[in-house]
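J.: For reference, the structure I am asking about is given below.
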Amino acid sequence: MRTCLLFIPFVICLVCGGCDAETRTRMAARPDYRMTPNHVVESATATSTEFYLKIQKGDLKMGAEALPVMVSQHRYMSPVRAPVLEFYEVDQKAYVALTQESIPSIGVFGQGDAMNAWDVQLNPKLPLDLTVEYGKGRGQLDLNDMNLDRLRIYNREGRLEIDLSAKKLDRDIVIWMNNHHGEIQLKLPPDAGAQITTVRGAEIVAENFSRNNAVFTNANYEGAAHRIFVDVHSLSGNVTIQ
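Residues in the sequence shown are numbered from 17 upward in steps of one, following my numbering.
Structure below.
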């Protein structure tokens, strides 16, 4: 065993020693991202969207800046991290799925989670039923300008920031969050009525909410014309709602 351990550094020295300084620098440098062409989903007849996103490892940025149904851009280092797009339309409803297949647990040598990054922009006008399944990494979801009906979050070990702090409500919104061992921070509009229900004893931090057993309500809940309803199921992760 000692012989093998000594042999590995020796081979590395031989390989690098046979290269000039420029080549050694290039080998040591982190390789550039690969950039895929944008995914674009367009429809002239869709009046609403159901969008499902699944990312195993990496960073996610989401917003509402797309004039089509969806525009996304992806940076990754390995084909195993490439996204798969599916789209079909039924009765003027656009069904869009953007998913990342399972990644080997060992991964590709020299690649961390940050070597996979998605930027997804959705149409702010179409009513939206949004599901995000997140594995590991950091996600920033700016949903303020989205025409959101429902939001479902499945988070394993990721750090998710969900921003609705500037959202102007014209109807009720339903949010369901299942957090395993990650962290979720949900920012709600300060003038909105909100009710949070914890499922199966989930512990959360709810700032400026009153608690009655498993139900939290804020001061605006009773008199609000429109409300946000949040159901939280969390195992050992951290959930903060502001």
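Backbone N, C-alpha and C define an ideal beta-carbon position, used for all residues, glycine too.
Buried or exposed: ARG187, going by 16 or more other Cβ atoms within 10 Å of its Cβ?
T.: Along the sequence shown, one-based indexing puts residue 187 at 171. The residue in question, ARG187, is exposed, as its Cβ has fewer than 16 Cβ neighbours within 10 Å.
J.: Going by DSSP in three states, MET78 sits in which element: helix, strand or coil?
T.: In the sequence shown, counting from the first residue as 1, residue 78 sits at position 62. MET78 falls in the strand class under three-state DSSP.
J.: Check whether the segment 204-213 touches the segment 243-254, counting contact only when three or more Cβ pairs, one atom from each stretch, lie closer than 8 Å.
T.: yes
J.: Could you give the DSSP three-state label for MET86: helix, strand or coil?
T.: Here residue 86 refers to the residue found at position 70 when the sequence shown is read from its first residue. In the structure shown, MET86 sits in a strand (DSSP, three-state: E or B).
J.: When DSSP builds the beta bridges, which residues end up paired with THR233?
T.: By 1-based counting over the sequence shown, the position of residue 233 is 217. GLN211 and SER226, per the DSSP bridge assignment.
J.: Should the segment 173-190 be called in touch with the segment 95-111, which here means at least 3 C-beta pairs below 8 Å?
T.: With the cut-off at 8 Å, the segment 173-190 and the segment 95-111 do not touch.
J.: Buried or exposed: which applies to ASP107, given that a residue is buried once 16 or more other Cβ atoms fall within 10 Å of its Cβ?
T.: Taking the first residue of the sequence shown as position 1, residue 107 is located at position 91. By the 10 Å Cβ count, ASP107 comes out exposed.
J.: So, does the segment 187-201 touch the segment 229-239, judging by three or more C-beta pairs under 8 Å?
T.: By the Cβ criterion, the segment 187-201 is not in contact with the segment 229-239, since fewer than three pairs of Cβ atoms, one from each stretch, lie closer than 8 Å.
J.: Could you give the residue range of the beta strand (DSSP E) that holds GLU102?
T.: For the purposes of this step, residue 102 is taken as residue 86 along the sequence shown, with counting starting at 1. Run containing GLU102: 99-106, per the beta strand (DSSP E) assignment.
J.: According to the Cβ coordinates, are ASN236 and ASP207 closer than 8 Å?
T.: Residue mapping note: residue 236 aligns to position 220 of the sequence shown, counting from 1. Residue mapping note: residue 207 aligns to position 191 of the sequence shown, counting from 1. Their beta carbons are under 8 Å apart, which means ASN236 touches ASP207 by this criterion.
J.: Since MET193 is in the beta strand (DSSP E), which residue starts that stretch and which ends it?
T.: Mapped onto the sequence shown, residue 193 falls at position 177. Where MET193 is concerned, the enclosing beta strand (DSSP E) stretches over 189-195.
J.: Taking one C-beta from the segment 132-146 and one from the segment 69-79 each time, how about it: are there three or more such pairs within less than 8 Å?
T.: Judged by Cβ distances under 8 Å, the segment 132-146 makes contact with the segment 69-79, as three or more pairs qualify.
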